[in-house]
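One structure is given here, and the rest of the page talks about it.
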Amino acid sequence: MRMPPFWPAGLAAAALLAGCSSLQSSDHFLGFITPYRIEVVQGNVLTKEQVALVKPGQTRSQVRDILGSPLLTDVFHADRWDYVFTIRRQGAEPQQRKVVALFDGEKLKSIDAPDLPSERDFVASIDTQKTPRKTPKLALTPEEIKALPVPPRPEPAASAPEGPVRSYPPLEPRT
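The sequence shown runs 6 to 180 under the working numbering.
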């Protein structure tokens, strides 16, 4: 009995797929090299300080001036503005926050802003530097300046000849 011609190709494809499934889905190569991942920031960063400035009874334009343009405005729910903020950075946990502003006509009725961080907490949460770097020294002390070797004096350049080197005939005849 003879095997179909596609049997070896199918067996090879199955073996390759099985080999790929045994690899770890880690983002590290050899344990210490990580690929670059682009930072994705969407929406408006809203903090406790900003939301504290918004009070019920303010107009839509006042709310927009304080919080910025809403990320979502629904045609079917014109009295609701959604502010959604997401950030994905390499080396930090993804963050997502949602703030909902409800209006009654042109006036703000209420704002729902659960667990917003302060500005200081937000900056600390996105700071992914693992080890503090030592700041480089940018100036020398007078003692260090005196200890520097004296640079050699450049030799004076040969002086250029003065006056014309060649005598050229006049371009126009003399009269």
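Think of the CB as a built atom: it goes at the ideal place given N, C-alpha and C, for glycine as much as any other residue. It should be emphasised that the depicted structure is a prediction, and the values quoted were computed from it without experimental measurement.
- Taking a cut-off of 8 Å on C-beta distances, the region 81 to 99 does not touch the region 9 to 16, as fewer than three cross pairs fall below it.
- When the beta-carbon positions are compared, T91 and Q47 come within less than 8 Å of each other.
- Taking a C-beta distance under 8 Å as the contact criterion, A97 and V68 do not qualify as a contact pair.
- Counting the other CB atoms within 10 Å of its CB gives Q63 a total of 16 or more, which places it among the buried residues.
- V104 sits close to L51, with the two beta carbons spaced by under 8 Å.
- Following the DSSP letters along the chain, one finds K103 inside the beta strand (DSSP E) bounded by residues Q100 to D109.
- Contact annotation: E44 and E124 have beta-carbon atoms that are not nearer than 8 Å.
- Secondary-structure assignment with DSSP links I116 through a beta bridge to A106.
- Excluding residues up to 5 positions away in sequence, P61 and L107 lie with their Cβ nearer than 7 Å to the Cβ of S115 in the same chain.
- The Cβ atoms of R94 and I38 do not sit closer than 8 Å to each other.
- Of the candidates A17, R102, F81 and R179, R102 places its Cα closest to the Cα of P122.
- In this structure L72 is in contact with V59, their Cβ atoms being roughly 6 Å apart against a cut-off of 8 Å.
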